[in-house]
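The structure appears right after this line, and notes come after that.
Protein chains: 2
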Amino acid sequence: MTTGPVPNQPRAEGSAATVGDVAALAGVSRATVSYTYTQPNRVSPDLRRRVLAAADELGYVGNDAARRLRVGHSLALGLLISSMSNPVYAELAAGAEAEAAAHGRFILVANSDEDPARERAYLNFFESQQVSGILAAPVGDVPPELLGLRSRGTPFVLVGVAPGPHSYPAISGDNERGGHLAAAHLLAQGRRRLIFVGGAHPHVDLRLAGVKRAIAEAAEPASLEIIRIQVQTAKVGEAVARTLLRRSAATFPDGIVAGNDLLALGLLHGLIVGGIRVPEDLSLVGYDDIEFADFAIVPLTTIRHPSAALGASAVRILLGIEREEDTKGRFEPELVIRSSSLPTPPPSVHP
Amino acid sequence: MTTGPVPNQPRAEGSAATVGDVAALAGVSRATVSYTYTQPNRVSPDLRRRVLAAADELGYVGNDAARRLRVGHSLALGLLISSMSNPVYAELAAGAEAEAAAHGRFILVANSDEDPARERAYLNFFESQQVSGILAAPVGDVPPELLGLRSRGTPFVLVGVAPGPHSYPAISGDNERGGHLAAAHLLAQGRRRLIFVGGAHPHVDLRLAGVKRAIAEAAEPASLEIIRIQVQTAKVGEAVARTLLRRSAATFPDGIVAGNDLLALGLLHGLIVGGIRVPEDLSLVGYDDIEFADFAIVPLTTIRHPSAALGASAVRILLGIEREEDTKGRFEPELVIRSSSLPTPPPSVHP
DNA sequence: TGAAGGTCGTGAATCGATTCACGGCGTTTC
DNA sequence: GAAACGCCGTGAATCGATTCACGACCTTCA
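So the protein lines, in turn, are chains A and B.
Under this note's numbering, the first sequence has 536 at position 244, and the numbering climbs by one with no breaks.
Under this note's numbering, the second sequence has 310 at position 18, and the numbering climbs by one with no breaks.
Right, here's the structure in full:
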């Protein structure tokens, strides 16, 4: 592509070179310049070189607005996420971005912060940008505006959302299985009074369903209490920990499954500050395996969730390179055991 | 003029409503529809209502490509960052995004992963998108392409970059002062064999300069060793920790200042796994105050860096709402003392 | 009553890249 | 040697929103 600033200052300040300028400098028509980029084989090698040289000299970059106006869609894909502070979404974005870049595409990231109004504004923005597709990773329900967009020609893929009753294209890890892994792990350690803490989101509900199944399948009876929260952040986790600390020993849990790692880290911190020993008094399992899970005050046992791979797959599906069905079973969750759920604390950490 | 659609059957699949469609349905000219949005006072309230109703019925969203082609620039601002895994950039993006949204603008986020080729590709993309301005938060040097962009009419603001010898518009926290705060804190605790671990980035160099000044000003002599690394990630921090563990007691440090929190968390983890007690054997100070600093295996003392505020200010500067000079002294670093540098460990954490 | 001035809607030109339809020119083939 | 064909470059139409210049219509005041 074009590089660097202009050598001999061929352009006035503030104006960008156009196909017309390039054509004039190369001594060809505007059509030829355009074909040079869109159908390189259509122009002879000699002319192509001349055109590219002229373009380079002028610092020609093209005007995507004009291009889009003509062809009807842009090279960009839209990614709608609901939080920037959760590393899961950063990872998802990074995976999508790398895959998009490999195909000469770009990702427009929009963060709604779980605000439906901003979600709507961003979807409108995506449509006005004529993105060629949208990756939506909503925490909550499927934004109804997406359907309108699709009917008007912009496809979407839901990422990390339960493939529930809806019939939209969607890819996600097996959250039910992940929840099962987490709870089965706690039960195998002899934990019997479990609590699930999580938000009211479809994919979290699936994790909870897995937890319930594990308990139903357990050889010995175990209890499960469910604490519902609004947002799954570390701050909320700390708040939940404080309420737990007020409980009597009889109602205090010996195992917690958290809806995600952020929440788990908050819980962990709140519990430890309150004098609870983890994992001696209580085992804790998070979800997602964010990078910081390993650096926690007690390294966090968690379920690994392949966010980057999901993002990459979603891009491939939107670009028509991959079909949704082909991803089945590709994003299996995995139990990562660390100190927060060990039967005994690791000797090296607290000598 | 394009043929108007049938009122009760809004649009054919795949096609979007245009001003022409809205105009036809509302029984006005295309110009009137446009003025309804761009200069609402120019059309009478009555007509305005009729136009908006028609637009609503058709799901009209507008075509930003056409708009941009005409007016020459877009409502979007470009944000160029070099890493998505560092929460500092997520915070910066969130701050910029919120401020942009408040002014009806949008942020296009581009992550170069420190790859100059991708950086160039994204700057070209921004130019082809005709963003009305660019926020650049490079880790390394100022990308030369930015200058070409500016000469062709797209302004930029550097964020978090040292206002060094260059004369580009730039805002940042006072990294020198932050480094000074960190080192002075360690020295005040009696630490005398300090190590600074950091990457070769301009803003990190400033932090180092502050550390050096603190040592020069110290009442008692202290030594400083500098360990240079390529990228400031947790993984690299762990690797550095492993090499430190091989040292003899005589050359082992009693205080470390890390170039950022990610690096500090890696160092912390590596040292503790290796049997070093923090802060008894060694005090550690990070930089940035990311959320996870507080949840670390030993909560991390760090320098708070107002990333979100920087992002918001950069947006205001690009929009001409604020001048660079007015931000002077607004982004002061702040020492946040946690367990990783306390003279004695906090009683509640290890009862 | 008629001229002046203001309000508000409209036709038409415009932005820059793409692509269709055309045709000039050189080569091949019988 | 002429017809047929392929290669490759070009003029012109096109996408949809914006905005200038114009003028229809209404109000106001001498």
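Yeah, the Cβ is synthetic: ideal placement off N, Cα and C, and Gly gets one too.
(message) Mapping the DSSP letters down to three states, classify A/GLY319 as helix, strand or coil.
(response) The residue you call residue 319 of chain A lines up with position 27 of the first sequence. Collapsing the DSSP output to three states places A/GLY319 in coil.
(request) Please state if the CB of B/ASN467 and the CB of B/ARG499 are separated by a distance shorter than 9 angstroms. (result) As a first step, residue 499 of chain B is located in the second sequence; it is residue number 207 there, counting from the start. As a first step, residue 467 of chain B is located in the second sequence; it is residue number 175 there, counting from the start. Yes, the pair counts as a contact, with Cβ atoms nearer than the cut-off.
(request) Indicate the three-state DSSP secondary structure (helix, strand or coil) for A/ASN355 in the structure shown. (result) Counting from one through the first sequence, the residue named residue 355 of chain A turns up at place 63. Coil.
(message) For A/ALA606 and B/LEU369, I'd like the C-alpha separation in whole angstroms.
(response) Here residue 606 of chain A corresponds to residue number 314 of the first sequence, with the count starting at 1. Here residue 369 of chain B corresponds to residue number 77 of the second sequence, with the count starting at 1. Note on geometry: alpha-carbon atoms of A/ALA606 and B/LEU369 lie some 26 angstroms from one another.
(request) Just mark A/GLU517 as buried or exposed, buried being the case when its beta carbon has 16 or more other beta carbons within 10 Å. (result) Taking the first residue of the first sequence as 1, we reach residue 517 of chain A at position 225. Classification of A/GLU517: exposed, given that the 10 Å Cβ count is below 16.
(request) Show which residues of chain B have a CB atom less than 7 angstroms away from the CB atom of A/PHE448. (result) Taking the first sequence and counting its residues from 1, the one referred to as residue 448 of chain A is at position 156. Scanning chain B for C-beta atoms nearer than 7 angstroms to the C-beta of A/PHE448 yields nothing, as the closest lies near 15 angstroms away.
(request) Could you please give the first and the last residue of the uninterrupted alpha helix (DSSP H) stretch that includes B/ILE609? (result) As a first step, residue 609 of chain B is located in the second sequence; it is residue number 317 there, counting from the start. It spans 599–610 - the alpha helix (DSSP H) in which B/ILE609 sits, taken as one unbroken run.
(message) Measuring straight from C-alpha to C-alpha, what distance separates A/ARG340 and A/THR328?
(response) Within the first sequence, residue 340 of chain A is the residue found at index 48, counting from 1. Within the first sequence, residue 328 of chain A is the residue found at index 36, counting from 1. So the two alpha carbons sit approximately 6 angstroms from each other.
(request) Report all residues from its chain with a CB closer than 7 angstroms to the CB of A/TYR381; omit the five preceding and five following residues, and keep chain order. (result) In the first sequence, residue 381 of chain A corresponds to position 89, counting from 1. Result list for A/TYR381: ILE373, SER375, ALA429, in chain order.
(message) If I measure Cβ to Cβ from A/ALA601 and keep anything under 8 angstroms in the same chain, skipping five residues before and after, which residues do I get?
(response) Position 309 of the first sequence, counting from 1, holds the residue named residue 601 of chain A. Closer than 8 angstroms at the Cβ level, and outside the excluded window around A/ALA601, lie GLY387, ARG622, PHE623.
(message) Rounding to the nearest angstrom, what Cα-Cα distance links B/LEU367 and A/ALA402 in this structure?
(response) Looking up residue 367 of chain B in the second sequence gives position 75. Looking up residue 402 of chain A in the first sequence gives position 110. Each residue's alpha carbon lies about 14 angstroms from the other.
(message) Considering only the alpha carbon of each residue, which of A/SER599, A/VAL590, A/GLY603, A/LEU610 lies closest to A/SER633?
(response) As a working note, residue 633 of chain A is residue 341 in the first sequence. Of the candidates A/SER599, A/VAL590, A/GLY603, A/LEU610, the one whose C-alpha sits nearest the C-alpha of A/SER633 is A/VAL590.
(request) State the DSSP-derived secondary structure class of B/ARG483, mapped to helix, strand or coil. (result) Taking the first residue of the second sequence as position 1, residue 483 of chain B is located at position 191. The three-state secondary structure of B/ARG483, taken from DSSP, is coil.
(message) Can you give me the C-alpha to C-alpha distance between B/LEU555 and A/GLU617, rounded to a whole angstrom?
(response) Here residue 555 of chain B refers to the residue found at position 263 of the second sequence. Here residue 617 of chain A refers to the residue found at position 325 of the first sequence. Near 40 angstroms, if we compare the C-alpha coordinates of A/GLU617 and B/LEU555.
(request) In the DSSP assignment, find the alpha helix (DSSP H) that holds B/PHE418 and state where it starts and stops. (result) The sequence position of residue 418 of chain B within the second sequence is 126, counting from 1. Taken as a continuous stretch (DSSP letters only), the alpha helix (DSSP H) holding B/PHE418 covers 408–420.
(message) Considering just the uninterrupted stretch of the beta strand (DSSP E) at A/LEU516, what are its terminal residues?
(response) Against the first sequence, residue 516 of chain A aligns to sequence position 224. Where A/LEU516 is concerned, the enclosing beta strand (DSSP E) stretches over 515–521.
(message) Comparing C-alpha positions only, which one of A/VAL628, A/LYS620, A/GLY612 sits nearest to A/GLY395?
(response) One-based indexing of the first sequence puts residue 395 of chain A at position 103. Reading off the sequence shown, one finds His at residue 395 of chain A, where the question assumed Gly. Nearest option by C-alpha distance: A/GLY612.
(request) Step through the CB atoms of chain A and report whether any lies within less than 9 angstroms of the CB of B/GLN481. (result) Indexing the second sequence from 1 puts residue 481 of chain B at position 189. Not one chain A Cβ lies under 9 angstroms of B/GLN481.
(message) List, in chain order, every chain B residue whose beta-carbon is nearer than 7 angstroms to that of A/VAL401.
(response) In the first sequence, residue 401 of chain A corresponds to position 109, counting from 1. At a C-beta separation below 7 angstroms, A/VAL401 has these neighbours in chain B: VAL401.
(message) For a quick check, are the C-beta atoms of B/GLY562 and B/ARG539 less than 9 angstroms apart?
(response) As a first step, residue 562 of chain B is located in the second sequence; it is residue number 270 there, counting from the start. As a first step, residue 539 of chain B is located in the second sequence; it is residue number 247 there, counting from the start. At the C-beta level, B/GLY562 and B/ARG539 stay beyond 9 angstroms of one another.
(message) I'd like to check one pair, B/THR594 with B/ASP546: are the Cβ atoms closer than 9 angstroms?
(response) Position 254 of the second sequence, counted from the start, is the residue given in the question as residue 546 of chain B. Position 302 of the second sequence, counted from the start, is the residue given in the question as residue 594 of chain B. Inclusion of B/ASP546 and B/THR594 in the CB contact set at 9 angstroms is not warranted, their separation being larger than that value.
(request) Leaving out five residues on either side along the sequence, give the residues of the same chain with a beta carbon under 7 angstroms from the beta carbon of B/GLU383. (result) Position 91 of the second sequence, counting from 1, holds the residue named residue 383 of chain B. Taken in chain order, the residues that qualify are SER599, ALA600.
(message) If I follow the unbroken alpha helix (DSSP H) through B/GLY387, where does it start and stop?
(response) Counted from its first residue, the second sequence places residue 387 of chain B at position 95. For B/GLY387, the enclosing alpha helix (DSSP H) stretches over residues 379–394.
(request) List the residues of chain B that A/GLY603 touches, going by C-beta distances under 7 angstroms, in chain order. (result) Position 311 of the first sequence, counted from the first residue, corresponds to residue 603 of chain A. Residues of chain B with a Cβ closer than 7 angstroms to the Cβ of A/GLY603 do not exist; the shortest Cβ-Cβ separation is about 11 angstroms.
(request) Please check if any C-beta of chain B sits within less than 9 angstroms of the C-beta of A/ASN355. (result) The residue given as residue 355 of chain A occupies position 63 in the first sequence. At a cut-off of 9 angstroms, the C-beta of A/ASN355 has a neighbouring C-beta in chain B.
(message) By alpha-carbon positions, which one of A/ILE463, A/ALA475, A/PRO436 ends up nearest to A/ARG412?
(response) For the purposes of this step, residue 412 of chain A is identified with residue 120 of the first sequence, where counting begins at 1. For A/ARG412, the closest C-alpha among the options A/ILE463, A/ALA475, A/PRO436 is that of A/PRO436.
(request) Give a yes or no on whether 9 angstroms exceeds the smallest Cβ distance from A/ALA526 to chain B. (result) In the first sequence, residue 526 of chain A corresponds to position 234, counting from 1. Residue contact check for A/ALA526 against chain B: a CB pair falls below 9 angstroms.
(message) Just to make sure I have the definition right: I need the residues of chain B whose C-beta is within less than 7 angstroms of the C-beta of A/GLU389. Which are they?
(response) Within the first sequence, residue 389 of chain A is the residue found at index 97, counting from 1. Correct list: ASN403.
(message) Run through chain B and tell me which residues come within less than 9 angstroms of A/ASN416, C-beta to C-beta.
(response) Translated into positions along the first sequence, residue 416 of chain A becomes position 124. Neighbours of A/ASN416 in chain B, taken as residues whose beta carbon is under 9 angstroms from its own, are VAL353, GLY354 in chain order.
(message) Quick check on the DSSP output: the alpha helix (DSSP H) that includes B/ALA526 runs from which residue to which?
(response) Position 234 of the second sequence holds residue 526 of chain B. B/ALA526 -> alpha helix (DSSP H) spans 526–537.
(request) Could you work out which residues of chain A lie near B/ILE589, taking near to mean beta carbons separated by less than 8 angstroms? (result) Counting from one through the second sequence, the residue named residue 589 of chain B turns up at place 297. Ordered by position in chain A, the residues that pass the 8 angstroms Cβ test against B/ILE589 are PHE587, ALA588, ILE589, VAL590, PRO591, VAL641.
(message) So with CB distances below 7 angstroms, who are the chain A contacts of B/ALA382?
(response) Here residue 382 of chain B corresponds to residue number 90 of the second sequence, with the count starting at 1. Counting only Cβ-Cβ distances below 7 angstroms, B/ALA382 has contacts in chain A at MET376, SER377, ALA382, in chain order.
(message) Per DSSP, what are the beta-bridge partners of B/GLY491 in this structure?
(response) Locating residue 491 of chain B in the second sequence gives position 199, counting from the first residue. Bridge partners of B/GLY491: B/ILE521.
(message) Could you check whether the Cβ of A/ARG410 sits closer than 9 angstroms to any Cβ belonging to chain B?
(response) Position 118 of the first sequence, counted from the first residue, corresponds to residue 410 of chain A. Cβ-Cβ to chain B under 9 angstroms: yes for A/ARG410.
(request) Count the other C-beta atoms from every protein chain shown that fall within 10 angstroms of the C-beta of B/LEU644, then say buried if there are 16 or more, exposed otherwise. (result) An answer regarding residue 644 of chain B cannot be provided, because it is not within the stretch 293 to 643 covered by chain B.
(message) Between which residues of its own chain and B/THR525 is the CB-CB distance below 6 angstroms, once the five residues before and five after are set aside?
(response) On the second sequence, residue 525 of chain B is found 233 positions in, with the first residue counted as 1. Here the set comprises LEU554.
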